[in-house]
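Engineer:
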Amino acid sequence: MTNMSLKERDKKHLWHPLTQHKLHPETIAITKAKECVLTDEDGNEYIDTIASWYTCMYGHCNDYITSRVSTQMQKLDQVVFSGFTHEPAVKLSEALIKILPENQSKIFFSDNGSTSVEIGIKMALQYHFNTGEKRNTLIAFEDGFHGDTFGAMSVSGLSIYNGPFEDFFLNVKRIPIPNGKNHHTVLKALQEIVSNNKVAGFVYEPLVQGAAAMKMHNAEGLNKILKFCKKHNIITVADEVMTGFGKTGKHFASLYMETKPDIICLSKALTGGLLPMALTTCSQKIYDAFYSDDISKGLFHGHTYSANPLACTAALASIELLQSQDIQNNIKVITASHQVFGNHIKNHPKVKSTRQLGIIFALDLDVKMERYGNLRDKLFKFFMDNGVFLRPLGNTIYIQAPYVITKKQLEKVYQVIEDALEIV
Ligand SMILES: Cc1ncc(COP(=O)(O)O)c(C=O)c1O
């Protein structure tokens with residue numbers, strides 16, 4: 016048994032996420048990770064160009080974050096967060112409130128992105144319930160992705176493999192994303208939904224829809240939607256699980272819009288990838304609707320690991336790094352570097368279009384869209400064989416690398432992408 020490789024031993028008991036094991040039986044066993052590099056059990060190295068699902072933005076095993084967490088580990092590991100509090104949670108809340116959109120006032124803890132959205136949905140529904148109005152419909156964008164729990168699946172438009180569960184979904188109406196030209200159509204669709212339904216909330220990924228292959232939309236158009244929602248007391252829930260913490264060029268994508276969301280969902284880069292944690296933040300208006308002499312008006316939702324002190328410490332250290340001059344400079348350098356690459360590659364005959372916001376860069380290949388087809392597998396293998404971990408989404412190749420990626424590593428990534436166009 017022990018002289019078998021990890022990837023062989025893995026096959027015996029492990030069931031991986033988002034995987035049809037019959038079609039994709041192979042895994043790669045990663046034994047270590049440092050900064051932007053993953054190393055597998057055979058000693059092969061890969062540049063982690065997607066920051067392990069957009070989490071490790073300050074680099075893997077970041078010395079500053081790990082040392083802060085290891086100090087905290089000697090002091091307080093875990094404690095119930097109902098009726099108790101602790102310094103890492105308090106300090107994190109103070110640091111976060113300083114950088115969140117100015118209307119955010121309260122922070123609720125959980126442990127993954129889907130759950131942060133689930134809580135956002137529950138806050139929106141219960142807000143109306145508590146204020147004496149039963150509203151039962153949610154609005155969401157076409158092609159959005161918000162996670163894999165039931166509420167999150169319901170608002171996700173991109174639920175191509177959610178067939179078995181669809182009968183159990185919440186009541187959701189969809190609108191197109193604003194593209195700069197369709198303001199009228201989008202607002203008309205909204206008006207029609209509001210006229211025929213009791214709408215409780217609007218759940219959306221601001222400016223970039225990650226799982227829809229980094230589909231980007233227009234800030235002005237989104238602002239109009241948010242204004243419309245405010246006017247109709249529809250609670251706006253910004254899912255910043257992916258866009259949060261600097262990726263779009265601002266600390267949060269919501270800062271691009273004048274109208275701020277009532278609720279914001281955060282996870283992924285929150286802890287710099289060291290530990291799982293998520294947050295749902297909200298404005299005072301939302302919190303006040305739950306604050307009552309009536310116990311049943313409280314938010315009766317809670318997870319065992321809520322506000323785990325180690326995860327809070329990792330998040331606090333990550334926020335300090337995000338605000339550092341070094342990381343802010345790196346964000347500018349990566350953004351400029353992607354712009355140069357985008358201008359160069361957009362004229363390639365195999366490239367249909369490119370797009371970018373901050374350090375998020377995407378390139379669409381001029382081929383038929385096939386989300387999990389052969390081309391995706393062929394490209395993935397090509398990238399890995401060339402030492403770059405990139406996960407194409409359908410016919411889109413995208414980069415969302417850690418802020419600490421070096422110039423040399425970036426150049427290698429661009430070159431490997433350009434070389435890959437030859438096998439398309
Ligand atoms: C925008 C967005 N929301 C929610 C989620 C779900 O997060 P998690 O996988 O941590 O449940 C994701 C995951 O990719 C996401 O990109």
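If you're matching positions, the sequence shown starts at 16 in my numbering and goes up one per residue.
Even for Gly, the Cβ is constructed at its ideal location relative to N, Cα and C.
All of these numbers come straight from a predicted model, not from anything done at the bench.
Please confirm whether E56 and S20 have their CB atoms less than 8 Å apart.
Structural biologist: Going by C-beta atoms, E56 is nearer than 8 Å to S20.
Engineer: From Q424 to G172, what does the alpha carbon distance come to, in whole angstroms?
Structural biologist: Each residue's Cα considered, the two are about 35 Å apart.
Engineer: Assuming contact is defined by CB atoms lying nearer than 8 Å, are F395 and T64 in contact in what I supplied?
Structural biologist: No, they are not a contact pair.
Engineer: Distance check for D303 and K113, CA to CA, integer angstroms please.
Structural biologist: Distance between the alpha carbons of K113 and D303 is about 21 Å.
Engineer: Secondary structure at F404, three-state DSSP: helix, strand or coil?
Structural biologist: Residue state, collapsed to three classes: strand.
Engineer: Following the continuous beta strand (DSSP E) through Y219, name the residue where it begins and the one where it ends.
Structural biologist: It spans 214 to 219 - the beta strand (DSSP E) in which Y219 sits, taken as one unbroken run.
Engineer: Under the criterion of a Cβ to heavy atom distance below 7 Å, does N151 qualify as lining ligand 1?
Structural biologist: Because no heavy atom of ligand 1 lies under 7 Å away, the Cβ of N151 does not count as near it: no.
Engineer: Return the residue from the list N18, G288, V84 that minimises the CA-CA distance to W68.
Structural biologist: Among N18, G288, V84, the Cα nearest to that of W68 belongs to G288.
Engineer: Count the C-beta pairs between the stretch 74 to 92 and the stretch 44 to 51 that are closer than 8 Å, then say yes if the count reaches three, no if not.
Structural biologist: With the cut-off at 8 Å, the stretch 74 to 92 and the stretch 44 to 51 touch.
Engineer: In angstroms, rounded to a whole number, what distance separates the CA positions of Q206 and N238?
Structural biologist: Distance between the alpha carbons of Q206 and N238 is about 16 Å.
Engineer: Is H232 buried or exposed, if buried means 16 or more other CB atoms sit within 10 Å of its CB?
Structural biologist: Counting Cβ neighbours within 10 Å, H232 comes out buried, since at least 16 surround it.
Engineer: Please determine whether the Cβ atom of S282 lies at a distance below 7 Å from any heavy atom of ligand 1.
Structural biologist: Yes, ligand 1 has a heavy atom inside 7 Å of this Cβ.
Engineer: The beta strand (DSSP E) spanning E60 covers which residue range?
Structural biologist: Here the beta strand (DSSP E) through E60 covers 60 to 63.
Engineer: Does ligand 1 have even one heavy atom less than 7 Å from the beta-carbon of A443?
Structural biologist: Given that the chain is displayed from residue 16 to residue 439, the structure contains no residue 443 and the question cannot be resolved.
Engineer: Quick check: does the Cβ of A155 come within less than 7 Å of any heavy atom belonging to ligand 1?
Structural biologist: Incorrect: A155 has no Cβ contact closer than 7 Å to ligand 1.
Engineer: If you run the structure through DSSP and keep just helix, strand and coil, what is V366?
Structural biologist: In this structure, V366 counts as strand in the three-state DSSP scheme.
Engineer: Going by DSSP in three states, T258 sits in which element: helix, strand or coil?
Structural biologist: Coil at T258, not helix or strand.
Engineer: So does D254 have its beta carbon nearer than 7 Å to some heavy atom of ligand 1?
Structural biologist: Result yes, Cβ under 7 Å from ligand 1.
Engineer: In the DSSP assignment, find the unbroken alpha helix (DSSP H) run with D78 in it and report its ends.
Structural biologist: Per DSSP, D78 belongs to the alpha helix (DSSP H) from 78 to 88.
Engineer: Whole angstroms are fine: how far does the CA of H353 sit from the CA of L33?
Structural biologist: Approximately 29 Å, taken between the alpha carbons.
Engineer: Between which two residues does the alpha helix (DSSP H) containing Q338 stretch?
Structural biologist: Unbroken alpha helix (DSSP H) run through Q338: 324 to 338.
Engineer: Answer yes or no: do Q93 and P291 have a C-beta to C-beta separation smaller than 8 Å?
Structural biologist: It is not a contact, given that the beta carbons lie outside the stated cut-off.
Engineer: What's the gap between the Cα of E133 and the Cα of E437?
Structural biologist: Taking the straight line from one Cα to the other gives about 43 Å.
Engineer: Flag N323 as yes when its Cβ comes closer than 7 Å to any non-hydrogen atom of ligand 1, and as no otherwise.
Structural biologist: For ligand 1, not one heavy atom lies less than 7 Å from the Cβ of N323.
Engineer: Work out the CA separation of K427 and V52 for me, nearest whole Å.
Structural biologist: Cα to Cα, V52 sits roughly 13 Å from K427.
Engineer: With 16 other CB atoms within 10 Å as the buried threshold, where does G261 fall?
Structural biologist: Buried.
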